[in-house]
Amino acid sequence: MLGELQVFHNNLLVRLPASKRSRALLAYLAFTARPHRRDRLCEVFWEVPDDPKGALRWSLSKIRPLVNDADTERLQADRERVSLVSSDISIDLHQLKADSQRNDLSIAELESLLQQSQQPFLQGLDLPDQSLFQDWLTAERNELQQLTGKLQARLASHTTLSSPDNWHTIEPPASRELLARQKVQFCTAHDGVRIAYASVGKGPTIVKAANWLSHLEHDWNAPIWSPLFRDLAADHHFVRYDERGNGLSDWDVADISFSAFVTDLETVVDANKLDKFALLGISQGAAVSIEYAIRYPEKVSHLILFGGYAAGWRIGATEALTKEREAVMTLTAVGWGTDNPAYRQIFSSTFMPDANEAEFNWFNDFQRLTTSAENAVRFLSVFADIDVRHRLAQVKVPTLVIHAMGDQRIPISVGRDIAAAIPNAEFVGLESNGHLLLGREPASKTFVQAIRDFMARHQ
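In our numbering, the protein residues as written are 258 to 716.
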């Protein structure tokens, strides 16, 4: 089931039915390995036909000779239920999940499992007109993506890196514990888009406004920001969510815009029934946080901005800059979803220029998991037009602006300008070159401590 559906019997490839729906039904019965009511299968696979029960019978007639033999009747069906007895059926994804649980995997074994996990689940078996089947298929594909991220992190932790700090700073067991403890839920924005959010930890609440390149589950495996999130969650109620079009939130959305980003933050706050909280905005999430804090000053106890900008690159852009950035968007549209990481390396090298090879490899793969090529281009276009400069003087809540002094994507002067324009804002410069902080670098500890000190001073 990894890749296109294939069935082998006695090591020989079995010819499958031409009907995609019948192949999908076979995969569904084998993978779920439990009885299903006939009427439920009709709902899952045949919403439209005049005779769904007849269509189901026809598909079962095509599947039966594939799975049954003279001694074994694996496809079992009565008037109410259908099941595929799978006690002697081996499914590659089930085996992959079982093998991944082992704690004694060698580097070669991890590499093999990772390669397997990167194959699409049931490639080519989408049924766009069958929403129930598509929901199941999407959920399983998302789970496979999560497994890929975990395997990547485990492989990186086994690899000898050039940095003396190595990957021990990641503390995989702690990351896994937080992943297990966090509670992922969904809320619905005013336009019907489902937004995935998660919370973990106890204490004063910190809400992290969404920024592009996030995934609620893969984030905990990230060598980049998982140590920051883990430290913040150690003594705070830490709430995060995936931006629309990204991560676990809906990807197929009509509206990707700055105003939608702000209303999504409103939706998540309302879903969590939060009355007062600190708001953390990173990168373009800083502008979203600024707008929210102005609209709801009674809710925001502290505004914390890192690597933020008040105006996107199109605002006052030169002709040369416009050509350069538009060329990047063209490359993104063409190569984002490909196996070649060169296209995504454009972002990696400016987001975290001091990363080592393993960290670059992780981030290159992570980018592809977070969103589609189409949405990546849409995000870049929206970010380019952000402009909240006229709103900065209206911020009335205690504000801390943090910026890496060597940030190659958003210069430190941009952070200083924000701090100067917001009344009574405090500024902290970090000894780092990254737009994203590496969890192993000392600046990460400085970042977390600056937030703790700031919140303690403004209680």
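From the three backbone atoms N, C-alpha and C, an ideal C-beta is built for every residue, glycine too. Every value quoted in this text rests on a predicted model; they were computed, and no experiment measured them.
Extent of the continuous beta strand (DSSP E) run through residue i
i	result
H559	V557 to F563
L362	No beta strand (DSSP E) holds L362; DSSP gives it neither H nor E.
L313	It is not in any beta strand (DSSP E) - L313 instead sits in the alpha helix (DSSP H) that spans P309 to V324.
Q376	Premise fails: Q376 is in no beta strand (DSSP E) and is neither H nor E.
S456	R451 to V457
T462	T462 to K465
T445	K440 to T445
Local conformation of residue i per DSSP, three classes
i	result
Q333	strand
L269	strand
E261	coil
R338	strand
Q476	With the sequence shown as reference, residue 476 is identified as Asp, and Gln is not the correct amino acid for it. Of the three classes helix, strand and coil, the one that applies to D476 here is helix, per DSSP.
L687	strand
R501	coil
M682	For the record, residue 682 in the displayed sequence is Ala; it is not Met. In this structure, A682 counts as coil in the three-state DSSP scheme.
A327	coil
L436	Low confidence applies to L436: its pLDDT is 49, below 50, so where it sits in the model is not reliable, and the reading given next is rough at best. Three-state result, L436: helix.
Distance CB(residue i)-CB(residue j) smaller than 8 Å
i	j	result
L693	I561	no
T329	A446	no
A713	I659	no
A467	F515	no
W469	Q376	no
Q529	S605	First, the amino acid is wrong: residue 529 is Asn here, not Gln. No, the Cβ-Cβ distance between N529 and S605 is not below 8 Å.
T628	G502	yes
Host alpha helix (DSSP H) of residue i (start-end)
i	result
Y285	K277 to T289
A676	I669 to A678
Q706	P699 to R714
Q358	It is not in any alpha helix (DSSP H) - Q358 carries neither H nor E in the DSSP assignment.
S483	S483 to A491
D296	R295 to F302
Per-residue burial, residue i [other beta carbons within 10 Å of its own, 16 or more giving buried]
i	result
L283	buried
M662	exposed
N632	buried
N727	Residue 727 lies beyond the stretch modelled for the chain, which goes from 258 to 716, so this question has no answer here.
R272	exposed
G458	buried
K465	buried
P699	exposed
V510	buried
S483	buried
R451	exposed
K407	buried
I572	exposed
T587	exposed
F265	exposed
Test: residue i CB closer than 8 Å to a CB of chain B
i	result
W393	Note that chain B does not occur in the displayed structure, where there is just one protein chain.
3 or more residues per run - each beta strand (DSSP E) lying fully within the stretch 604-672: 656-661
Runs of alpha helix (DSSP H) lying entirely within the stretch 509-561, each at least 4 residues, in chain order: 515-528 and 541-552
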